[in-house]
């Protein structure tokens with residue numbers, strides 16, 4: 003191999019020794035391994051080379067290496083979270099009820115469905131009329147349920163134990179609301195005297211709890227802050243600013259009351275005593291505070 007400078011096509015995948023646009027074929031002493039590689043390479047290039055005068059030689063650019071240089075400070079991610087203290091605070095504020103709710107029912111049983119319904123209607127109408135005539139302030143009456151169900155029995159002479167309908171029961175439930183919370187005992191007594199035979203529950207509510215809710219929230223947040231201050235001071239730090247707050251206030255819920263079955267002779271008893279207590283508005287919050295600077299000792 004001597005003296006001439008031939009144009010060699012760049013072929014992707016060939017070793018770095020051949021990544022040149024021109025190969026200098028001046029005097030050189032190839033090694034045996036290079037000779038074994040160059041002989042078939044020259045043969046392939048000769049076969050692929052265009053005939054003399056057939057046109058310009060096309061070159062294939064070598065793509066640059068895929069090297070991505072990213073500054074180290076852009077790769078490193080700061081995963082250290084600022085120190086925080088998370089605390090909870092709760093508070094309750096009492097409100098005076100201004101609504102009373104009584105739910106009672108009239109239940110009748112007869113041999114036939116129509117007779118049971120008719121008997122129930124007479125007693126229910128009598129109870130409603132007695133309440134309307136009682137002069138209770140802000141009285142509101144509303145039917146909240148009506149149910150007709152068959153009553154089954156198993157006659158002793160029935161060898162196959164097949165049940166038969168032995169009658170029907172009708173149950174009419176009425177919700178009573180009044181703005182005179184002190185009259186609940188008289189309402190119960192008037193309903194019993196008119197034929198009501200069951201009271202499901204008595205409850206008290208307040209129509210305006212917004213002020214109490216705001217007060218409960220403020221107390222809950224203040225208690226959470228005091229707790230966080232104690233924790234931070236115990237660790238030797240001041241308390242920083244709040245970074246997250248969740249929670250809220252909840253209006254009072256009517257507490258569940260025991261089901262009361264009334265007997266007809268209770269109508270002759272003195273006025274039913276009913277105590278009106280405060281309703282409680284509850285608030286709860288969860289607050290995260292930053293940990294401030296170290297306190298000087």
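Numbering (this note's numbering), first residue to last: 3 to 299. No residue lacks a Cβ here, since even glycine has one placed at the ideal position from N, Cα and C.
Own chain residues within Cβ distance below 6 Å of residue i, not counting five before or after
| i | result |
| --- | --- |
| residue 110 | 118, 121, 122 and 172 |
| residue 277 | none |
| residue 246 | 290 |
| residue 266 | Note that residue 266 has pLDDT 41, beneath the 50 cutoff, so the model's placement of it is unreliable and the number below is only indicative. Hits under 6 Å: none found. |
| residue 262 | Residue placement at residue 262 is flagged as unreliable, the pLDDT there being 45, under the threshold of 50; the coordinate-derived value follows with that caveat. Here the set comprises 201. |
| residue 196 | 128, 129 and 132 |
| residue 279 | none |
Same chain only: Cβ atoms within 8 Å of residue i, ignoring 5 sequence neighbours per side
| i | result |
| --- | --- |
| residue 145 | 174, 175, 176 and 177 |
| residue 164 | 156 |
| residue 2 | The displayed coordinates of the chain run from 3 to 299. Any statement about residue 2 would go beyond what the structure contains. |
Check whether residue i and residue j have beta carbons under 8 Å apart
| i | j | result |
| --- | --- | --- |
| residue 1 | residue 187 | The question about residue 1 has no answer here: the residues shown for the chain are numbered 3 through 299. |
| residue 91 | residue 229 | yes |
| residue 209 | residue 100 | yes |
| residue 284 | residue 94 | yes |
| residue 224 | residue 251 | no |
| residue 242 | residue 206 | no |
| residue 234 | residue 294 | yes |
| residue 200 | residue 106 | yes |
| residue 97 | residue 126 | no |
| residue 288 | residue 88 | yes |
| residue 102 | residue 183 | yes |
Where residue i falls: helix, strand or coil (DSSP)
| i | result |
| --- | --- |
| residue 168 | strand |
| residue 195 | helix |
| residue 142 | strand |
| residue 183 | helix |
| residue 155 | strand |
| residue 178 | strand |
| residue 282 | strand |
| residue 292 | strand |
| residue 276 | coil |
| residue 207 | strand |
| residue 241 | strand |
| residue 229 | helix |
| residue 297 | coil |
| residue 114 | coil |
| residue 163 | coil |
Sequence-distant residues of its chain with Cβ nearer than 7 Å to residue i (five each side left out)
| i | result |
| --- | --- |
| residue 112 | 118, 121, 169 and 170 |
| residue 162 | none |
| residue 86 | 245, 290, 291, 292 and 293 |
| residue 115 | 150 and 170 |
| residue 231 | 241 |
| residue 218 | 93, 94, 95, 251, 283, 284 and 285 |
| residue 19 | Low confidence applies to residue 19: its pLDDT is 44, below 50, so where it sits in the model is not reliable, and the reading given next is rough at best. Nothing meets the Cβ criterion. |
| residue 213 | none |
Integer Cβ distance of residue i from residue j, believed to fall under 8 Å
| i | j | result |
| --- | --- | --- |
| residue 254 | residue 281 | 4 Å |
| residue 249 | residue 222 | 7 Å |
| residue 192 | residue 128 | Not really, about 10 Å apart at Cβ, beyond 8 Å. |
| residue 140 | residue 180 | 5 Å |
| residue 167 | residue 152 | 5 Å |
| residue 104 | residue 194 | About 11 Å; that fails the 8 Å criterion. |
Distance cut-off 7 Å: residue i Cβ against heavy atoms of the ligand ADP
| i | result |
| --- | --- |
| residue 145 | Because no ligand of any kind appears in the structure shown, any question about the ligand ADP cannot be addressed here. |
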